[in-house]
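Working notes, beginning with the structure itself.
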Amino acid sequence: MELRYPAPERLLDSHAVALILGVTERTIRAWAAAGEFGRGTLKVGKKLWRFRASAIEAYVTERENRQQLGGGDI
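Residue numbers (this note's numbering): 84 to 157.
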(Lines of atoms letter the chains of each structure in order from A; the text may use other names.)
(Lines give C-alpha, C1' and ligand atoms only; values in the text may rest on other atoms or scores of the structure.)
Protein backbone atom coordinates (compact mmCIF):
# COMPACT_ATOMS: atom_id res chain seq x y z
CA MET A 84 0.00 0.00 0.00
CA GLU A 85 1.40 3.37 -1.01
CA LEU A 86 1.09 6.19 1.49
CA ARG A 87 0.40 9.63 0.11
CA TYR A 88 1.06 12.80 1.99
CA PRO A 89 -0.02 16.28 1.00
CA ALA A 90 2.74 18.44 -0.38
CA PRO A 91 4.28 20.59 2.33
CA GLU A 92 3.19 24.20 2.27
CA ARG A 93 5.65 26.71 0.93
CA LEU A 94 7.26 28.89 3.58
CA LEU A 95 8.45 32.45 3.01
CA ASP A 96 11.16 34.31 4.88
CA SER A 97 10.72 37.80 6.31
CA HIS A 98 12.53 39.36 3.34
CA ALA A 99 10.03 37.88 0.86
CA VAL A 100 7.05 38.91 2.99
CA ALA A 101 8.45 42.44 3.34
CA LEU A 102 8.71 42.73 -0.45
CA ILE A 103 5.16 41.46 -0.92
CA LEU A 104 3.71 43.87 1.65
CA GLY A 105 5.95 46.83 0.88
CA VAL A 106 7.32 47.25 4.39
CA THR A 107 10.64 46.56 6.12
CA GLU A 108 11.73 43.21 7.47
CA ARG A 109 11.78 44.77 10.92
CA THR A 110 8.09 45.64 10.55
CA ILE A 111 7.31 42.08 9.44
CA ARG A 112 9.09 40.64 12.48
CA ALA A 113 7.23 43.05 14.79
CA TRP A 114 3.88 42.17 13.21
CA ALA A 115 4.68 38.46 13.50
CA ALA A 116 5.59 38.84 17.19
CA ALA A 117 2.31 40.71 17.74
CA GLY A 118 0.32 37.90 16.07
CA GLU A 119 -0.71 39.94 13.03
CA PHE A 120 -0.53 36.87 10.75
CA GLY A 121 -2.39 34.52 13.05
CA ARG A 122 -1.15 30.96 13.09
CA GLY A 123 0.64 31.43 9.79
CA THR A 124 4.00 32.11 11.39
CA LEU A 125 6.76 29.87 12.63
CA LYS A 126 9.51 31.22 14.85
CA VAL A 127 12.80 29.42 14.38
CA GLY A 128 15.35 30.43 16.99
CA LYS A 129 15.47 33.89 18.54
CA LYS A 130 15.07 36.11 15.46
CA LEU A 131 14.28 33.90 12.50
CA TRP A 132 10.69 33.75 11.27
CA ARG A 133 9.04 31.74 8.50
CA PHE A 134 5.59 32.47 7.13
CA ARG A 135 3.09 30.16 5.47
CA ALA A 136 2.43 31.43 1.97
CA SER A 137 -1.31 30.84 2.42
CA ALA A 138 -1.35 33.02 5.56
CA ILE A 139 0.32 35.89 3.73
CA GLU A 140 -2.09 35.53 0.80
CA ALA A 141 -5.02 35.62 3.25
CA TYR A 142 -3.55 38.69 4.96
CA VAL A 143 -3.20 40.52 1.63
CA THR A 144 -6.77 39.61 0.64
CA GLU A 145 -8.15 40.77 3.99
CA ARG A 146 -6.24 44.04 3.75
CA GLU A 147 -7.53 44.67 0.22
CA ASN A 148 -11.10 43.93 1.33
CA ARG A 149 -10.82 46.36 4.24
CA GLN A 150 -9.54 49.09 1.95
CA GLN A 151 -12.41 48.51 -0.50
CA LEU A 152 -14.92 48.76 2.33
CA GLY A 153 -13.49 52.10 3.39
CA GLY A 154 -11.44 50.76 6.26
CA GLY A 155 -8.47 52.83 5.20
CA ASP A 156 -4.85 51.86 4.98
CA ILE A 157 -3.47 49.34 7.44
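Virtual Cβ for every residue (Gly too), placed ideally from N, Cα, C.
If you compare the alpha carbons of R109, R93, G128 with that of E140, the shortest gap goes to R93. In the DSSP assignment, the residues bridged to V127 are L131. Excluding the 5 residues flanking it on each side, K126 has same chain C-beta neighbours closer than 7 angstroms at W132, in chain order. When DSSP states are grouped into helix, strand and coil, L104 belongs to the helix group. The C-beta distance from T124 to F134 rounds to 6 angstroms, short enough to meet the 8 angstroms contact threshold.
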